[in-house]
Amino acid sequence: MSKVDPADWIRPEIRALAAYHVPDSAGLIKLDAMENPYPWPRELVSDWQARLSSAAINRYPDAQAAGLKARLRAAMGVPPGAELLLGNGSDEIIQMLMLAIGGAGRTLLTPEPGFAMFRIIATLTGTDYCGVPLCAGNFALDTDAMLAALREQRPALVIIANPNNPTGNRFEERALRAVIEAAPGLVVLDEAYYPFCDGDCLGWLAGYDNLLVMRTVSKLGLAGLRLGVLAGSATWLREIGKTRLPYNINTLTQLSAEFALEHADAFARQTRAIRSERERVAGALGRVPGLRAFPSETNFILFRAPSGQAGRVQAGLREAGVLIKNFDGSHRALADCLRVTVGTAAENDAFLAALRRLLDAPMAAF
Ligand SMILES: *Cc1c(COP(=O)(O)O)cnc(C)c1O
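Positions 37 to 402 (this note's numbering) are the ones given, in order, by the sequence shown.
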């Protein structure tokens, strides 16, 4: 019998990819993935379970998720003229965008450093990828460089995360508008971190026929549900929606997200707590000698360790039971940079204490 070698058949661009790696976090304080650290209030949990017991799990989900969409519109303040397309996380929406608009001979343009999935999904879909460096030092959008790249590359799709991950900052309105106005194709503003900043771009939808706004409930506190939202004109969404697999939003997610959005006040309280902890942690990081914390309008903080120390800091924190993400080596602009998600006050204290111990320790020990 002949042996069939997967290497002969798996497409070369897939073989060249590394699988998306999620580190084992068992037993650790998990500050690596921008999750909301707070569980639901106990009384909400029992009401939610009662709601789930009504689920017709033998049936396919509501394919249009009409009830959930209505809740999302109200909770997110989606303007009346805009339609919604839902994804299994905004990751799936990024995939739908590139299936519909990307592909061979099409370019995705996005600022860098940025969200890793943009490049990964471009590769998966055979879309050319063009990363435009953010301004050195403050990670601002480099308007001139973006406009030049738009002229040279004529990208079918531009995606800009605003606020940006992993840098944490929000871009200037003037720079964003200049990009939207100069783009030959579609521009998607990814507002994954909208709960943690003031000001958003949903209101811009009416003014631009090449703009869509993407959101997710993940960072808000529902990462386990996998639910992302794309808002904008029916014309774009009807076409992009053709790449959506039927029933992509499962019944439990629909019921759970609807329930959660009915109790938006509980999430608003958690968001306020996270924002206030963010300011406290940022202040504390700023006082650790040798560290530089970058301003954040998200639920995480990017900070720069002393030169050559990022790996040691991450490993030392892990040893102390705290998991954060190391970006050193991932992009030129992120040398020595680490990203910590804002946790509960106790988690943040544990992180800060371990960090101070590590940076006070004599370097010779490592
Ligand atoms: C986390 C994140 C997402 C992905 O969100 P999901 O809805 O959980 O898939 C998208 N964009 C940015 C910028 C993110 O940081």
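Beta carbons: idealized from backbone N, C-alpha and C, even for Gly.
On the CB-based measure, 16 or more other CB atoms within 10 Å of its CB, does residue i come out buried or exposed?
i    : result
W272 : buried
P147 : buried
V58  : exposed
P116 : exposed
F402 : Residue placement at F402 is poorly supported in this model, since its pLDDT is 37, which falls under 50; the coordinates still yield a value, given next. Label assigned to F402: exposed.
G123 : buried
E383 : buried
Y230 : buried
M399 : Here the model assigns M399 a pLDDT of 44, short of 50, so the residue's position is not dependable and the matter cannot be decided.
L394 : buried
G141 : exposed
S422 : In the structure as shown, the chain starts at 37 and stops at 402, and residue 422 therefore has no counterpart that could be examined.
E119 : buried
E209 : exposed
A228 : buried
P75  : exposed
P202 : buried
R187 : exposed
S345 : The sequence shown places Gln at residue 345, rather than the Ser named in the question. Counting Cβ neighbours within 10 Å, Q345 comes out buried, since at least 16 surround it.
S343 : exposed
L40  : In the sequence as displayed, the identity of residue 40 is Val instead of Leu. Exposed is the call here.
A52  : exposed
P42  : exposed
A270 : exposed
S38  : exposed
S332 : buried
L281 : exposed
N205 : buried
Tell me the DSSP secondary structure of residue i in three-state form.
i    : result
N286 : coil
E119 : strand
V324 : coil
L359 : strand
Y230 : helix
A329 : strand
A401 : At A401 the pLDDT is 40, less than 50, meaning the model places this residue with poor confidence and gives no usable figure here.
F151 : coil
A267 : strand
A91  : coil
T279 : helix
M250 : strand
D127 : helix
F387 : helix
G167 : strand
K66  : strand
T403 : Outside the shown range of the chain (37 to 402) lies residue 403, about which nothing can therefore be said.
I46  : coil
V114 : coil
R29  : Nothing can be reported for residue 29, as the shown portion of the chain is limited to 37 through 402.
T143 : strand
F336 : strand
L225 : strand
V58  : coil
R262 : coil
V378 : coil
V215 : helix
L53  : coil
V81  : helix
E197 : The question names Glu, but residue 197 is Ala in the sequence shown. Three-state DSSP puts A197 in a strand.
E315 : helix
- Task: May I ask you to verify whether the region 293 to 309 touches the region 151 to 162, counting CB pairs closer than 8 angstroms and requiring at least 3?
- Result: no
- Check each residue's C-beta against every heavy atom of ligand 1 and list, in chain order, those closer than 5 angstroms. G125, S126, D127, F151, A197, N201, D226, A228, T252, S254 and G264
- Spell out a yes or no on whether the region 305 to 314 and the region 174 to 191 are touching, meaning 3 or more CB-CB pairs, one atom from each, closer than 8 angstroms. no
- Query: Should the region 219 to 229 be regarded as contacting the region 352 to 363, the criterion being three or more beta carbon pairs within less than 8 angstroms?
  - Reply: no
- Item | Touch test, the region 318 to 326 against the region 82 to 96, Cβ-Cβ under 8 angstroms, three pairs minimum | no
- Take every Cβ of the region 281 to 288, pair it with every Cβ of the region 96 to 112, and state whether three or more of those distances are shorter than 8 angstroms. yes
- Are at least three pairs of beta-carbons, each pair with one atom in the region 119 to 136 and one in the region 248 to 261, less than 8 angstroms apart? yes
- Message: Using 8 angstroms as the cut-off, can you tell me whether the region 366 to 375 makes contact with the region 167 to 175, which would need three or more C-beta pairs spanning the two stretches below that distance?
- Response: yes
- Please determine if the region 263 to 279 and the region 66 to 75 are in contact, where contact requires at least 3 C-beta pairs separated by less than 8 angstroms. no
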